[in-house]
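Read through the structure below, which is laid out as C-alpha cells, and then see the notes.
Number of protein chains: 2
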Amino acid sequence: MAEKDSIREQIVQAAKKRFSHFGYAKTTMAEVATDCCMSPGNLYRFYPGKLDIAEAIATEDYSQHLEHMRKLAIAPGKDVRERLHDLLFEELRRTYTKLECHPRAFEMALVISRERPEYANWMLAEERKILVELLDEAERRGEFTSDNKEFTAEMVQAATMKFRYPQLWSKLTLPKLERELEGVIKLLINGLCPHARARRDAAA
Amino acid sequence: MAEKDSIREQIVQAAKKRFSHFGYAKTTMAEVATDCCMSPGNLYRFYPGKLDIAEAIATEDYSQHLEHMRKLAIAPGKDVRERLHDLLFEELRRTYTKLECHPRAFEMALVISRERPEYANWMLAEERKILVELLDEAERRGEFTSDNKEFTAEMVQAATMKFRYPQLWSKLTLPKLERELEGVIKLLINGLCPHARARRDAAA
DNA sequence: AGATTGAACGATTTGTTGATTATTCAGAAA
DNA sequence: TTTCTGAATAATCAACAAATCGTTCAATCT
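From first to last, the protein sequence lines are chains A and B. Numbering of the first sequence is given in our numbering, commencing with residue 723 and proceeding in unit increments. Numbering of the second sequence is given in our numbering, commencing with residue 723 and proceeding in unit increments.
Below you can see the structure in the form of C-alpha cells.
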C-alpha cells in the first residue's frame with residue numbers, strides 16, 4: 723500500500739512536470755506513463771483518469787495554500803477583523819498572481835472547474851472551515867458574534883465571490899480588485915447601518 | 723430625423739422577432755433587411771453592425787427594468803433597507819427567470835457580455851445611480867449614512883455580483899440563490915460586528 | 001444632392017476527413 | 001493470483017475546403 727502511494731506520487735510528479743511545461747491538453751497519458759516507466763493502461767490502476775491526476779496536483783497545491791491560510795487565521799496579536807482581512811486578501815493575491823503568471827495553471831483551473839464543478843465546492847467548504855473557526859474566535863474574544871456561524875461564513879464567501887477567481891469574472895487589475903475587496907470587507911464588518919442597529923439594540 | 727428613428731425602431735422590432743425565434747447567431751443581416759423591405763447594406767445606415775442592433779434590443783428591455791427598479795426605490799412607507807432588499811431581489815429574479823425561460827435571451831446576454839464588456843459596465847453604472855439615490859434617502863431619513871455614497875454603492879454591487887448573472891457563475895437554483903441573497907443583504911446592512919462598532923462609537 | 005442597392009471581399013463558420021488520444025480489457029508476465 | 005502490457009475502441013481534435021455571413025462601397029436610383 724505504501725508502495726502504491728509512492729507510485730501515485732510519482733505519477734503526480736511526472737504529470738505536474740508535463741502539465742506545467744506543455745499544458746494539460748498537450749500532455750498525453752502515454753507520455754506520463756513513459757515518464758513513469760509503465761504502460762498507459764497501468765496508469766488507470768492508480769488514477770481513474772487524466773482529470774483525476776490534475777485534481778491530485780491541484781489538491782496538493784491547494785492544501786499548502788490552506789495551511790498558509792490557517793496560519794493567518796490564528797495569527798496572535800491581531801484582531802479577528804484584521805485576520806479576516808488578511809485571509810481574504812491572501813486568497814485574492816494568490817489566485818490572481820497564480821493565474822496571471824502561469825497560463826498552464828490557468829488552463830488547469832478552467833478544465834477542472836468546467837469538468838468537475840464539485841471540486842470548487844470542496845475548496846469553498848475547506849476554506850469555510852477556517853472562516854467558522856475565525857467566527858468562533860471572534861465570539862470568544864467578544865469582538866462580534868453571529869447565531870449561525872456556518873451560514874455566516876457561507877455569506878461571507880458569497881459576498882466575496884468576485885475575488886475568488888478574479889480573471890474569470892472581470893478584467894480588473896489587481897490594484898483595482900484590492901481596492902474593491904478592501905471596501906467590501908469594510909462593508910461586511912461594519913454594515914451599512916451599524917448606528918441604526920446600535921440604536922435598536924439600545925432601545926431593546 | 724423622426725423618419726430615421728422610426729426606421730431604426732422597425733429594424734429593432736424585426737431583429738427582435740428573428741433573434742427570439744431563431745437566435746442571434748442563426749439570424750442573418752440579410753433576413754432582417756428583407757423583413758424591413760430593404761437591402762442588407764442599407765441597414766448599416768441605421769446601425770453600425772449586427773451587435774449594435776442586439777444592444778439596442780437589450781437596452782430597450784433593460785430600460786423597462788430600470789424604471790421598475792426606480793419605482794421600487796421610491797416606494798413610500800418602506801424602510802430604505804426594505805427597498806434595498808426589494809431592489810436586489812427584483813434584479814435577481816428578473817435575470818434568473820429571463821435567462822432560464824428564454825435561451826435566446828441567454829445567448830444574447832453571452833454574446834454582448836463577451837464582445838462588448840463595456841455594456842455590462844454601463845448597466846452597472848445605471849443601476850448604481852439608483853443605489854446612490856437610495857443611500858441619499860437613507861441619510862435624509864436618518865436610517866444610515868456613509869461618507870462616499872458612490873463608492874459604497876459600488877461595493878454593494880461587488881458584494882452581490884454572484885446574483886447578477888446567476889447562471890453564469892453558479893448552478894444554484896433560484897430558491898438557494900434567494901436564500902443566499904437574503905443572507906448577504908442582512909450581512910451588508912448589519913455587518914458582522916455592529917456591536918463592536920457601536921461600542922467604539924459610544925467610547926468616542 | 002442624398003438614399004438605396006447588391007455584388008464583392010474578407011472573416012468566420014460549417015462540414016468532412018484523417019489522425020490522436022483517453023480509456024478498456026483480453027491476455028502475457030511475474 | 002496479482003500485476004502489468006499494448007493492441008482495440010470510441011471519442012475527441014486538427015486541418016482543410018466549401019459555404020455562409022457581416023460589412024463595404026462603387027454604381028444606380030429618386
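Glycine included, C-beta positions come from ideal geometry on N, C-alpha and C. Since this is a predicted model, take the numbers as computed values, not measurements.
Test item: CB-CB of residue i and residue j under 9 Å
i, j, result
"E900(B)", "L814(B)", "yes"
"W891(B)", "K898(B)", "no"
"A881(A)", "V906(B)", "yes"
"V734(B)", "I775(B)", "yes"
"F873(A)", "L914(B)", "no"
"Q889(A)", "Y818(A)", "yes"
"L909(B)", "L853(B)", "no"
"K930(B)", "M751(B)", "The question about residue 930(B) has no answer here: the residues shown for chain B are numbered 723 through 926."
"R730(A)", "Y766(A)", "no"
"A797(A)", "Y841(A)", "no"
"R850(B)", "Q879(B)", "yes"
"L821(A)", "Y746(A)", "no"
Whole-Å CB distance - residue i paired with residue j, under 8 Å assumed
i, j, result
"L809(B)", "A795(B)", "6 Å"
"E940(B)", "L788(B)", "Residue 940(B) lies beyond the range of chain B shown here (723 to 926); nothing can be said about it."
"S742(B)", "R826(B)", "5 Å"
"I911(B)", "R803(B)", "5 Å"
"L857(B)", "S868(B)", "6 Å"
"P839(B)", "K893(A)", "7 Å"
"Q732(B)", "C758(B)", "6 Å"
"L903(B)", "F811(B)", "7 Å"
Start and end residues, alpha helix (DSSP H) containing residue i
i, result
"R730(B)", "724 to 744"
"G799(A)", "Counting along the chain, G799(A) falls outside any alpha helix (DSSP H), and DSSP gives it neither H nor E."
"S835(B)", "825 to 837"
"D757(A)", "751 to 757"
"M877(B)", "871 to 881"
"K908(B)", "896 to 912"
"P762(B)", "762 to 765"
"P888(A)", "888 to 891"
Residues that residue i contacts on chain B, provided the C-beta gap is smaller than 8 Å
i, result
"M883(A)", "M883, K884, W891"
"P839(A)", "K893"
Partners in chain A for residue i, counting only beta-carbon separations shorter than 9 Å
i, result
"E902(B)", "E876, M877, A880"
Interface partners of residue i on chain A, CB under 7 Å
i, result
"V906(B)", "M877, A880, A881"
Chain-ordered chain B contacts of residue i [CB-CB under 7 Å]
i, result
"F873(A)", "G905"
Quiz item: If we count Cβ pairs, one from each stretch, closer than 8 Å, do we get three or more for the stretch 736 to 743 of chain A versus the stretch 772 to 786 of chain A?
Solution: yes
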